[in-house]
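Enquirer: Dumping the structure here so I can ask a few things about it.
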Amino acid sequence: MSKKSLEELFWIVIDGWAYGIKQYPGEIYPELVYRVVRELRTDIQLAIQCNILVDVMLITEKFSAAAKYLVPEKELAFNILAQLPCPSELKTEDQLYTLAQTVDRVEQMYPGAVVSRLEKKWQLNQAQAA
Amino acid sequence: MVDNRDGMESAVGLGSGIASMELLSTRSTEIAPDRGLENEVVPSRERSDLPEAPNLDNDPNNEFLISLAYHDAFAAQRSLFGDKEIADFALATARKDFERSLGIENGTFRAQAHAFLERS
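The listed protein sequences correspond, in order, to chains A and B.
Per this note's numbering, residue -8 is the first one in the first sequence, and the count goes up by one each step.
Per this note's numbering, residue 2 is the first one in the second sequence, and the count goes up by one each step.
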């Protein structure tokens, strides 16, 4: 399977979850959407490892619309960011570059709020792992 | 430390829901793969009260009857869960419906991504 096909599959997964949120029969609440985001952790990490750019803002937009804008977008975007792999878990320059690009797009949206928090989180993760 | 206001607190203890989600996804296949959810209040029942799918292979109406029996089992099952689990169940079922409509199976991306990584 080519990287392009893999990328298409990744977005089918995202669309599938957006569909699930949209079709949810009860009232949408933030924790429900965050639970879905946590479920996506493995998929997001695999996407980065396969050098697929994870467009956090696009995922945010899709989930936010599916949740009828009942979840704060910034909160949602940062929850998705929190699922990104720690740089120390990545093996190649390409993977690190993909991660950097992914983070950079969100940094452009929320200047000064992203990189410093992610670095703290990754340091915390490494300290816990040690 | 982490700033809770931005939702980064969810980074701690990640993945705890995945196992239960997979369990619930499996459950949705076993119980009622194509049933929607309804919001009526279901009285509590004991697990042993869950009806089993009847053997109606020779009954011309079996599909209808089985769906009724499954619906009943599903309704009873619902009473055993809290709201959060029901939400997961609903999402997992809806997602499966979506993926099935596209002709792919749950987990396709993960399987293909692992294969891609092994090759590269």
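Ideal Cβ placement from N, Cα and C applies to all residues, glycine included.
Is Asp89 of chain B buried or exposed, if buried means 16 or more other CB atoms sit within 10 Å of its CB?
Expert: Reading the second sequence from its first residue, position 88 is the one you call residue 89 of chain B. Buried is the call here.
Enquirer: Quick check on the burial criterion: 16 or more other C-beta atoms within 10 angstroms. Buried or exposed for Lys(-6) of chain A?
Expert: Along the first sequence, one-based indexing puts residue -6 of chain A at 3. With fewer than 16 neighbouring CB atoms inside 10 Å of its own CB, Lys(-6) of chain A falls in the exposed class.
Enquirer: I'd like the span of the alpha helix (DSSP H) that includes Met100 of chain A, first residue to last.
Expert: Numbered from its first residue, the first sequence carries residue 100 of chain A at position 109. Run containing Met100 of chain A: Glu84 to Met100, per the alpha helix (DSSP H) assignment.
Enquirer: If you measure beta-carbon to beta-carbon, which residues of the stretch 90 to 111 of chain B are closer than 7 Å to chain A?
Expert: If you check each beta-carbon in the stretch 90 to 111 of chain B against every beta-carbon of chain A, the ones closer than 7 Å belong to Ala91, Leu92, Ala95, Arg96, Phe99, Glu100, Leu103, Ile105, Thr109, Phe110 and Arg111.
Enquirer: Report the start-end ranges of each alpha helix (DSSP H) in the stretch -7 to 72 of chain A that is 4 residues or longer and not cut off at the edges.
Expert: As far as the stretch -7 to 72 of chain A is concerned, its whole alpha helix (DSSP H) runs of at least 4 residues are -6 to 14, 21 to 30, 32 to 40, 47 to 57 and 64 to 72.
Enquirer: Please state whether the Cβ-Cβ distance between Val126 of chain A and Val47 of chain A is less than 9 Å.
Expert: Limits of chain A in this structure are -8 at one end and 121 at the other, which puts residue 126 of chain A out of reach.
Enquirer: Helix, strand or coil for Glu119 of chain B? Go by DSSP, reduced to three states.
Expert: Taking the second sequence and counting its residues from 1, one reaches residue 119 of chain B at position 118. Here Glu119 of chain B sits in helix by DSSP.
Enquirer: May I have the straight-line CA-CA distance separating Tyr25 of chain A from Gln119 of chain A, to the nearest angstrom?
Expert: Looking up residue 25 of chain A in the first sequence gives position 34. Looking up residue 119 of chain A in the first sequence gives position 128. Taking the straight line from one Cα to the other gives about 23 Å.
Enquirer: Once DSSP output is grouped into helix, strand and coil, what is the label at Ile105 of chain B?
Expert: Translated into the one-based positions of the second sequence, residue 105 of chain B becomes position 104. Coil.
Enquirer: Quick one: give me the first and last residue of the alpha helix (DSSP H) that Thr105 of chain A is part of.
Expert: Your numbering for residue 105 of chain A matches position 114 in the first sequence. The question names Thr, yet the displayed sequence has Val at residue 105 of chain A. Premise fails: Val105 of chain A is in no alpha helix (DSSP H) and is neither H nor E.
Enquirer: Where does Ala121 of chain A sit, in a helix, a strand or coil, going by DSSP?
Expert: Residue 121 of chain A sits at position 130 when you count from the first residue of the first sequence. Coil at Ala121 of chain A, not helix or strand.
Enquirer: Would the stretch 100 to 115 of chain B count as touching the stretch 46 to 62 of chain A if we require 3 or more Cβ pairs under 8 Å?
Expert: no
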